[in-house]
Amino acid sequence: MIHLYQSYPEGHLTAPHGHDRPQYCYLHGGGGVISSRQQHEFRVLRRSRLSLIYADRERGAPFGQLEVSPMVAGLFARLAQLEDAGGDGEPYLRVLGLELGRAPPLAGQQPCAAALDPRLLRVLDKVCQAPSIQPGLAELAAGCGASERTLNRLFVRQLGCTFRQWRQQVVMGRARQLQHQGLSHGRIAEILGYGDLSAFSHAFNRFLRSESVS
72 MIHLYQSYPE GHLTAPHGHD RPQYCYLHGG GGVISSRQQH EFRVLRRSRL SLIYADRERG
132 APFGQLEVSP MVAGLFARLA QLEDAGGDGE PYLRVLGLEL GRAPPLAGQQ PCAAALDPRL
192 LRVLDKVCQA PSIQPGLAEL AAGCGASERT LNRLFVRQLG CTFRQWRQQV VMGRARQLQH
252 QGLSHGRIAE ILGYGDLSAF SHAFNRFLRS ESVS
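Written out as structure tokens, the structure reads:
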């Protein structure tokens, strides 16, 4: 297996490409949109840091998301640290390969869009810049030049989910990143715009339960 630790500036767009062996991507920070048909590309909505893993086996793999356990997140974080320090990450990479091989698909994942309406892209950009449960769809719609109804229709047609479902994935994904970084639930709730800790804890636990259902 090969590990690459990459940084991409805001606005970067990778050229459409494919791979002859499975590739795993782990987002350490930032946000973007992956589009995929026969080939895929990555549109960076905010400065992003990714770990890219290329597996040894040559057979193809389905395009989708995998559930990330605390162990897997920790291994990716350690590999990134070693990459920066010039250390030997081979032992961690071997363990990570075994864990990725048995990681289950993420429950309730939504398909990625191959082409996005510019109005929808502006909303994705806004939310990914600072994941939070605020503002609401009406305010976001006003800022992108579309009605609330039109915007939600774009989410369903192009992303296969409602705005609320999509934002939950983004916000809860950010919550997991912050948890892996050692932040308290109280601090995470504050960062993500929750009015109180109990509301965040209820939402986070419900999200984790939904992920465990395959």
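Residue numbers (my numbering): 72 to 285. All C-beta atoms, glycine included, are put in the ideal place defined by N, C-alpha and C. Just so it is clear, the structure is predicted and the values come from calculations on it, not from any experiment.
| Check | Outcome |
| --- | --- |
| Give the DSSP bridge partners of residue 88, in chain order. | 111 |
| Taking the continuous alpha helix (DSSP H) assigned at residue 167, which residues delimit it? | 161-172 |
| Which residues mark the beginning and the end of the beta strand (DSSP E) in which residue 74 is found? | 73-79 |
| Buried or exposed: residue 243, going by 16 or more other Cβ atoms within 10 Å of its Cβ? | buried |
| Where does residue 182 fall in DSSP's three states? | Any answer about residue 182 is weak, because its pLDDT of 46 lies below 50 and its placement is not dependable; what the coordinates show is given next. Three-state result, residue 182: coil. |
| Here's the rule: buried if 16 or more other CB atoms are within 10 angstroms of the residue's CB, otherwise exposed. What is residue 202? | buried |
| In whole angstroms, what is the alpha-carbon distance linking residue 154 and residue 88? | 25 Å |
| Thinking C-beta only, is residue 256 closer than 8 Å to residue 268? | yes |
| Do residue 194 and residue 169 count as a contact pair if the criterion is CB distance below 8 Å? | no |
| Go to residue 251, then tell me how far its alpha helix (DSSP H) extends in each direction, as first and last residue. | 234-251 |
| In chain order, what residues of the same chain have a beta carbon less than 7 Å from the beta carbon of residue 208, not counting five sequence neighbours either side? | 219, 222, 223, 234 |
| Give the secondary structure of residue 99 by DSSP, where H, G and I count as helix, E and B as strand, and everything else as coil. | strand |
| Relative to the C-alpha of residue 191, which candidate in 227, 245, 205 has its C-alpha closest? | 227 |
| For residue 110, which residues in the same chain have their Cβ closer than 7 Å to its Cβ, ignoring the five residues on either side in sequence? | 87, 88, 89 |
| Name the one or two DSSP bridge partners that residue 190 has. | Its beta-bridge partners do not exist; DSSP assigns none. |
| Consult DSSP for residue 94 and reduce its assignment to one of helix, strand or coil. | strand |
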